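Asks: In our numbering, the protein residues as written are 21 to 335.
Don't be surprised by glycine CBs; every beta carbon is placed ideally from N, CA and C.
Please read all numbers here as calculations on a predicted model, not as lab measurements.
Take a look at this one; I'll ask things after.
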Amino acid sequence: MEKILVIGCSGQIGSELVMTLRSIYGNENVYATDIKYPTDEVRDSGPGQILDVLDFQNLLHYIVRNNITQVYNLAAVLSGNAEKIPLQAWDINMKALINTILAAQQSDAKKLFWPSSIAVFGPTTPRHNTPQLTIMEPNTVYGISKLAGERWGEYYHQKYGIDFRSVRYPGLISYKTEAGGGTTDYAVEIFYEAIRHGRYECFLSADTALPMMFMDDAINNTIRLMQTPGENLTLRSSYNVAGISFTPKQLAESIKKYMPEFKISYKPDFRQAIANSWPASIDDSVARRDWGLTQEYDLDKMTKLMLEKVEEKLK
Ligand code: SER
Numbered sequence: 021m022e023k024i025l026v027i028g029c030s031g032q033i034g035s036e037l038v039m040t041l042r043s044i045y046g047n048e049n050v051y052a053t054d055i056k057y058p059t060d061e062v063r064d065s066g067p068g069q070i071l072d073v074l075d076f077q078n079l080l081h082y083i084v085r086n087n088i089t090q091v092y093n094l095a096a097v098l099s100g101n102a103e104k105i106p107l108q109a110w111d112i113n114m115k116a117l118i119n120t121i122l123a124a125q126q127s128d129a130k131k132l133f134w135p136s137s138i139a140v141f142g143p144t145t146p147r148h149n150t151p152q153l154t155i156m157e158p159n160t161v162y163g164i165s166k167l168a169g170e171r172w173g174e175y176y177h178q179k180y181g182i183d184f185r186s187v188r189y190p191g192l193i194s195y196k197t198e199a200g201g202g203t204t205d206y207a208v209e210i211f212y213e214a215i216r217h218g219r220y221e222c223f224l225s226a227d228t229a230l231p232m233m234f235m236d237d238a239i240n241n242t243i244r245l246m247q248t249p250g251e252n253l254t255l256r257s258s259y260n261v262a263g264i265s266f267t268p269k270q271l272a273e274s275i276k277k278y279m280p281e282f283k284i285s286y287k288p289d290f291r292q293a294i295a296n297s298w299p300a301s302i303d304d305s306v307a308r309r310d311w312g313l314t315q316e317y318d319l320d321k322m323t324k325l326m327l328e329k330v331e332e333k334l335k
């Protein structure tokens, strides 16, 4: 019987991942922790508590006491926020990962999912159809911490048998919990502003292409990776995931199909430089081959659903 812990259950990914895992493994088998208060549905549907992943003794105690066998550790400071507090962000992002790896060594929670990001790539990486193995010279604090984390994950897998699994998420788009402090957040904010005001001022320029993915696809693929037999995985660093690549202008055009009066304007801020250093599109053939990465949502399908759901939410 799997007992699963989701660290960071109150964030953009965690708040949805917990509910999907509970529907698969049973409510009572999915534990949810965060330093922030969770959504009502996460709190009311199963076990969990406020817990700081940086507090190693409490983390280990919680894992051992609840016989946890798998951990999804989603706690991180995202790219935009990390640039404002560089060394603190490095410390938090690294310590959050290392603590779960060390807890895995000292408990039965040997299977570990930790998200990496398109931010591991940098300005010297080939920008289009970025290969799985390529130049990686990230120049953001967030990207540096994600690349280092991938290396630590692979290291602990090779040397100590920790069942480390990871994907390089593209920007994630969802409506349940708002994103916080990322560069790809414009693609979430735009839907809220479209519904509220019929217009959006974008902090990236019109033609900044970035890879993105709708949350349902991200969650389904994450769980698929975790359920794949370990011997099928040829990589223990982190898998490229392409999602759908589009620019703010293309997203605005998609919104206009459903909301013809929608208007967008552009006022790039410091996040433009971060976006410029990231790939425009990704080659994810290794993930497709090793564990069957797939995706259901294209741009218009995602836009339609986001507009409906955000409208419902704001009512
Ligand atoms: N979506 C993240 C960010 O923008 C990238 O992993 O920070």
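Are there any heavy atoms of the ligand SER lying less than 7 Å away from the beta-carbon of Y189, as far as the coordinates show?
Replies: Yes, the beta carbon of Y189 sits closer than 7 Å to at least one heavy atom of the ligand SER.
Asks: Does the Cβ of F141 have 16 or more other Cβ atoms within 10 Å, making it buried, or fewer, making it exposed?
Replies: With 16 or more other Cβ atoms within 10 Å, it is buried.
Asks: Compute the Euclidean distance between the alpha carbons of K115 and L74, then round it to the nearest angstrom.
Replies: Cα-Cα distance, rounded: 6 Å.
Asks: Here's the rule I'm using: 16 or more other beta-carbon atoms within 10 Å means buried, otherwise exposed. How should P146 be labelled?
Replies: Counting Cβ neighbours within 10 Å, P146 comes out exposed, since fewer than 16 surround it.
Asks: If we require 4 or more residues per run, which alpha helix (DSSP H) segments fall completely within the region 33-117?
Replies: With a minimum length of 4 residues, the continuous alpha helix (DSSP H) runs that stay inside the region 33-117 are 34-45, 60-65, 76-85 and 99-104.
Asks: Considering Cα atoms alone, identify which of A199, G173, F76 and Y180 is closest to N101.
Replies: Checked all of A199, G173, F76 and Y180; the closest Cα to N101 is A199.
Asks: Using 8 Å as the cut-off, can you tell me whether the region 249-262 makes contact with the region 325-333, which would need three or more C-beta pairs spanning the two stretches below that distance?
Replies: These segments do not touch.
Asks: If I follow the unbroken beta strand (DSSP E) through E221, where does it start and stop?
Replies: Where E221 is concerned, the enclosing beta strand (DSSP E) stretches over R219 to C222.
Asks: Please determine whether the Cβ atom of A139 lies at a distance below 7 Å from any heavy atom of the ligand SER.
Replies: The answer is yes for A139.
Asks: Ignoring anything shorter than 4 residues or poking outside the region 248-295, list the alpha helix (DSSP H) runs there in chain order.
Replies: Entirely contained in the region 248-295, the alpha helix (DSSP H) runs reaching 4 residues are, in chain order, 268-278.
Asks: Please report the straight-line C-alpha distance between R291 and M232, rounded to a whole angstrom.
Replies: R291 and M232: Cα-Cα distance of roughly 16 Å.
Asks: Count the other C-beta atoms from every protein chain shown that fall within 10 angstroms of the C-beta of H217, then say buried if there are 16 or more, exposed otherwise.
Replies: That one is exposed.
Asks: Comparing the CB of T204 with every heavy atom of the ligand SER, is any distance shorter than 7 Å?
Replies: Yes, the beta carbon of T204 sits closer than 7 Å to at least one heavy atom of the ligand SER.
Asks: Could you name the residues of the same chain whose beta carbon sits closer than 6 Å to that of G263, not counting the 5 residues immediately before and after it, in chain order?
Replies: Around G263: P190, P231, M232 and M233.
Asks: Compute the beta-carbon to beta-carbon distance between S301 and N149, rounded to the nearest angstrom, for a pair I have assumed lies under 8 Å.
Replies: Between N149 and S301 the Cβ distance is about 5 Å, and since that is below 8 Å, they are a contact.
Asks: Are V50 and V84 touching if we call contact CB-CB under 8 Å?
Replies: No, Cβ-Cβ distance for V50 and V84 is not below 8 Å.
Asks: Tell me whether the beta-carbon of L245 lies closer than 8 Å to the beta-carbon of W311.
Replies: It is a contact, given that the beta carbons lie within the stated cut-off.
Asks: Verify whether the separation of the beta carbon atoms of Y206 and P268 is less than 8 Å.
Replies: Yes; because the gap between Cβ atoms is below 8 Å, this pair is in contact.
Asks: The beta strand (DSSP E) spanning R309 covers which residue range?
Replies: Segment S305 to W311 is the alpha helix (DSSP H) holding R309; no beta strand (DSSP E) there.
Asks: Have a look at the DSSP bridge pairing and note the partners of V26.
Replies: V26 pairs with A52 and Y92.
Asks: Using 8 Å as the threshold, is the region 60-69 in touch with the region 164-180, meaning 3 or more CB pairs across them?
Replies: Output reads no: the region 164-180 does not touch the region 60-69.
Asks: In this structure, how does DSSP classify S136 when only helix, strand and coil are distinguished?
Replies: In the structure shown, S136 sits in a strand (DSSP, three-state: E or B).
Asks: Please report the distance separating the alpha-carbon of E48 from that of M156.
Replies: Roughly 41 Å separates the two Cα atoms.
Asks: One question on the structure: do I182 and A95 come within less than 8 Å of each other, judged by their Cβ atoms?
Replies: Going by C-beta atoms, I182 is not nearer than 8 Å to A95.
Asks: Report yes if the C-beta distance between L334 and Q270 is below 8 Å; otherwise report no.
Replies: Going by C-beta atoms, L334 is not nearer than 8 Å to Q270.
Asks: Regarding L74 and the ligand SER, is the C-beta to nearest heavy atom distance less than 7 Å?
Replies: False, no ligand heavy atom lies under 7 Å from that Cβ.
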